[in-house]
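Taken in order, the sequence shown gives residues 0 to 69; the numbers are from numbering that gives the first Met the number 0.
No residue lacks a Cβ here, since even glycine has one placed at the ideal position from N, Cα and C.
Report on the structure given below.
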Amino acid sequence: MELLQDISFYLAIGCLWTFFVEWFTTRGDIGPPWTNGERWLQCLLWPWFLIVFIMGWLEGMLGGGNTKDN
């Protein structure tokens, strides 16, 4: 029973993450509308995507990256 609770908790956090990222990207007009496949992928692999998001956010906040303003 504990395994089922762990899986449910993992998927619940994944759903919250997916809702946030979809809201964030559609609010800012970043990319095309989401498909169900993208939603499932985000929900199942949310730890990886969360780490990538945080690293990109920190890099942007600290002025890193290879962006040029013309």
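- Between VAL51 and the set GLY27, TRP16, MET0, the nearest pair of CA atoms involves TRP16.
- Straight across, the Cα-Cα distance linking PRO32 with ASP5 is about 31 angstroms.
- DSSP places ASP28 in the coil class of the three-state scheme, outside both helix and strand.
- MET0 sits in coil when the DSSP states are folded into three classes, being neither helix nor strand.
- Linking GLY55 to LEU2 through their CA atoms gives a straight-line distance of about 33 angstroms.
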